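The structure appears below as structure tokens.
There are 2 protein chains.
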Amino acid sequence: MVLHLYTLKEEKVAKGKILDSTTEARVKEAARAVFIRKGYAATRTRDIAEEAGINLAMLNYYFRSKERLFEIIMFETMFGFMQKMALVFNDEKTTIRQKVEVMIDTYTDTLIKEPNIPLFIMSEIRNDAIGFLEKLPVDKMVVSSYLVKQYKEAYNKGLVKEPNPLNFIINLMSLVQFPFIASPLIKKMGGLSDKQFNDFMQERKRTTIELINTMIK
Amino acid sequence: MVLHLYTLKEEKVAKGKILDSTTEARVKEAARAVFIRKGYAATRTRDIAEEAGINLAMLNYYFRSKERLFEIIMFETMFGFMQKMALVFNDEKTTIRQKVEVMIDTYTDTLIKEPNIPLFIMSEIRNDAIGFLEKLPVDKMVVSSYLVKQYKEAYNKGLVKEPNPLNFIINLMSLVQFPFIASPLIKKMGGLSDKQFNDFMQERKRTTIELINTMIK
DNA sequence: AAAAAAATTAATCAAATGATTAAAATGTTT
DNA sequence: AAACATTTTAATCATTTGATTAATTTTTTT
Chain A
676 MVLHLYTLKE EKVAKGKILD STTEARVKEA ARAVFIRKGY AATRTRDIAE
726 EAGINLAMLN YYFRSKERLF EIIMFETMFG FMQKMALVFN DEKTTIRQKV
776 EVMIDTYTDT LIKEPNIPLF IMSEIRNDAI GFLEKLPVDK MVVSSYLVKQ
826 YKEAYNKGLV KEPNPLNFII NLMSLVQFPF IASPLIKKMG GLSDKQFNDF
876 MQERKRTTIE LINTMIK
Chain B
676 MVLHLYTLKE EKVAKGKILD STTEARVKEA ARAVFIRKGY AATRTRDIAE
726 EAGINLAMLN YYFRSKERLF EIIMFETMFG FMQKMALVFN DEKTTIRQKV
776 EVMIDTYTDT LIKEPNIPLF IMSEIRNDAI GFLEKLPVDK MVVSSYLVKQ
826 YKEAYNKGLV KEPNPLNFII NLMSLVQFPF IASPLIKKMG GLSDKQFNDF
876 MQERKRTTIE LINTMIK
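Residue numbers (this note's numbering), protein chains in the order written: chain A, 676 to 892; chain B, 676 to 892.
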């Protein structure tokens, strides 16, 4: 009955077991689903156990505590979120306009599949009991990105009016993420079903790209 | 030791007592502050009592339960939020452009003072244990607004490209509200202090108005 | 001033909840 | 197969937390 380290577990998984069938993986996947749907404070460890279809004790056996499990989920989620962004931002082969297009297109698709991620991230960062924000180099990621370099050049050439690239990035994020954050409200406002909402978001890609592109000559 | 009704309390307040000095009012004000800062699930009734500087039992004495107290706060917050919107939307004396300007200006000012309201509303609507969204006629408010009427006319005259007024309204809300929802992230990204962030939002008013106005000829 | 009502406090309760334990079951190694 | 290690289960613990109670103080009414 020795409680092994998490790293030992990883080794075992790496050996070739089907990740999703492992109890550990099921707990983690259930935790991800419930945490993202309800937030840290509102989820009970029993909710996770139930969602995973396992005994409650297994959660603590594999992850020691609710908080440690949450840290793993939160870190992975934020990391994935940022990595996706960084990849587009730092592509030296694309123009600003192409980046805008790719960002809006791929982000919308991602969020149609996982619509609760933005609200989850923003909510959990608000409390930030653990201090994720400090650990994540979002500032470096933006300031030293290729996109910002491109944007500054474009500004110097008079191709964009707005001098602050932060405004540009915020507009981009706002227009894509906010509709998902406010999705229950928007569905109600427009009388949209889930399906209709997703179709609406698909169509919105084009108008959003157009709107952002008015910032760039 | 009779527990009086909430309405009786109101009468008393109406008699002329200074609202903020009443224990009941202090509990409510503290509840508003804590609920909006941390969300329903993360706040303990003891947090509220401490913030109000009163005995925990007073919360239940005046408001019966955490849930009932929350309902009052949530309803008032959402109502205020919508009323402010409806007032601008239904002003028959202003043009669309003027409405855009007023919306962005006043909303930004409001959110600089109460930056956590959008995230609070969106978070609590997500769970929606009580069913606020059903009770609130957001759909009617938008569809039958004077702004939507104006917008449709403008579309018929070829003054706007985008046929769906929902897209227009979402863009407006996104650009104003999202920066506050994501404020910790944005502060980190831009290396901004609280003061710098607020100044940034003030400046952003102008560029946001410009951006939205590109949708209207 | 006496009586009644309302407000407040400290102590306590009951349920929920995160976590642990000891035993049982399953899997692995020798 | 025996011994050992790992995984799983059911029961239980300890703390947190929303709520209540009974007594006390303060305010209002008569």
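Just so it is clear, CB atoms sit at the ideal spot from N, CA and C, and this is done for glycine as well. Every value quoted in this text rests on a predicted model; they were computed, and no experiment measured them.
**OP:** Can you give me, in chain order, the residues of the segment 851 to 875 of chain B that have a beta carbon less than 8 angstroms from any beta carbon in chain A?
**Re:** Close to chain A, meaning a Cβ-Cβ distance shorter than 8 angstroms, are the following residues of the segment 851 to 875 of chain B: Q852, F853, P854, I856, A857, P859, L860, I861, K863, M864, G865, G866, F875.
Original post:
Sorted by chain position, which residues of the same chain lie with C-beta nearer than 6 angstroms to P793 (chain B)'s C-beta, five sequence neighbours on each side aside?
Top reply: Taken in chain order, the residues that qualify are Q852, F855, I856.
**OP:** Spatial neighbours of N839 (chain B) within its chain, please: CB distance less than 6 angstroms, with the 5 preceding and 5 following residues excluded, ordered by chain position.
**Re:** Once the five neighbours on either side are set aside, N839 (chain B) has no close Cβ partner at all.
Subject >> Where the alpha helix (DSSP H) through L731 (chain B) begins and ends >> reply: 731 to 738 is the extent of the alpha helix (DSSP H) around L731 (chain B).
**OP:** For A804 (chain A), count neighbouring C-beta atoms within 10 Å of its own C-beta (all shown protein chains included) and say buried if the count is 16 or more, exposed if not.
**Re:** So A804 (chain A) counts as exposed.
Original post:
Mapping DSSP to helix, strand and coil, what is I891 (chain A)?
Top reply: Taken through DSSP and simplified to helix, strand or coil, I891 (chain A) comes out as strand.
Subject >> Interfacial residues, the segment 707 to 726 of chain B to chain A, with Cβ spacing under 9 angstroms >> reply: Residues are counted here when their Cβ sits less than 9 angstroms from a Cβ of chain A; for the segment 707 to 726 of chain B these are R712, K713, G714, Y715, A716, A717, T718, given in chain order.
**OP:** Please decide whether K768 (chain B) counts as near chain A, where near means a Cβ-Cβ distance under 8 angstroms.
**Re:** So, not an interface residue.
Original post:
Three or more beta-carbon pairs under 8 angstroms between the segment 718 to 725 of chain B and the segment 763 to 771 of chain B, yes or no?
Top reply: Contact between the segment 718 to 725 of chain B and the segment 763 to 771 of chain B is absent, because fewer than three Cβ pairs lie under 8 angstroms.
Original post:
Are the Cβ atoms of D869 (chain B) and M864 (chain A) separated by less than 8 angstroms?
Top reply: Their beta carbons are not under 8 angstroms apart, which means D869 (chain B) does not touch M864 (chain A) by this criterion.
Original post:
Alpha carbon to alpha carbon, how far is R879 (chain A) from K788 (chain A)?
Top reply: Looking at the two C-alpha atoms, the distance is approximately 16 angstroms.
Original post:
Taking C-beta to C-beta, are L867 (chain B) and F875 (chain B) nearer than 8 angstroms?
Top reply: A distance below 8 angstroms separates the beta carbons of L867 (chain B) and F875 (chain B).
**OP:** Could you pull the start and end residues of the alpha helix (DSSP H) that D780 (chain B) belongs to?
**Re:** Its alpha helix (DSSP H) spans residues 771 to 788.
Original post:
Would you call the CB atoms of R701 (chain B) and I729 (chain B) closer than 8 angstroms?
Top reply: Yes, these two residues count as a Cβ contact at 8 angstroms.
Original post:
Nearest CA to the CA of V775 (chain B): which residue from B:K741, B:E725, B:V823, B:P790?
Top reply: Nearest to V775 (chain B) by C-alpha distance, out of B:K741, B:E725, B:V823, B:P790, is B:V823.
Original post:
Whose CA, out of B:K862, B:A732, B:A708, lies closest to the CA of E726 (chain B)?
Top reply: Residue B:A708 is the option with its Cα nearest to E726 (chain B).
Subject >> Entirely enclosed alpha helix (DSSP H) segments - the segment 790 to 864 of chain A, minimum 4 residues >> reply: Entirely contained in the segment 790 to 864 of chain A, the alpha helix (DSSP H) runs reaching 4 residues are, in chain order, 792 to 802, 807 to 810, 813 to 818, 821 to 831, 840 to 856.
**OP:** Return no unless some Cβ of chain A is closer than 8 angstroms to the Cβ of I845 (chain B).
**Re:** For I845 (chain B), the answer is yes, since a Cβ of chain A falls inside 8 angstroms of its Cβ.
**OP:** Check the Cβ-Cβ distances between E799 (chain B) and every residue of chain A, and say whether any is below 8 angstroms.
**Re:** Proximity of E799 (chain B) to chain A, defined by a Cβ-Cβ separation below 8 angstroms, is not satisfied.
Original post:
Under a CB-based cut-off of 8 angstroms, is K810 (chain B) close to chain A?
Top reply: No, K810 (chain B) lies away from the interface with chain A (no Cβ there is under 8 angstroms from its Cβ).
**OP:** State yes or no: is the C-beta of E837 (chain B) within less than 8 angstroms of the C-beta of T882 (chain A)?
**Re:** With respect to T882 (chain A), E837 (chain B) sits close: the two C-beta atoms are nearer than 8 angstroms.
Original post:
Counting contacts by CB-CB distance shorter than 8 angstroms, is L794 (chain B) in contact with chain A?
Top reply: At least one chain A Cβ lies under 8 angstroms of L794 (chain B).
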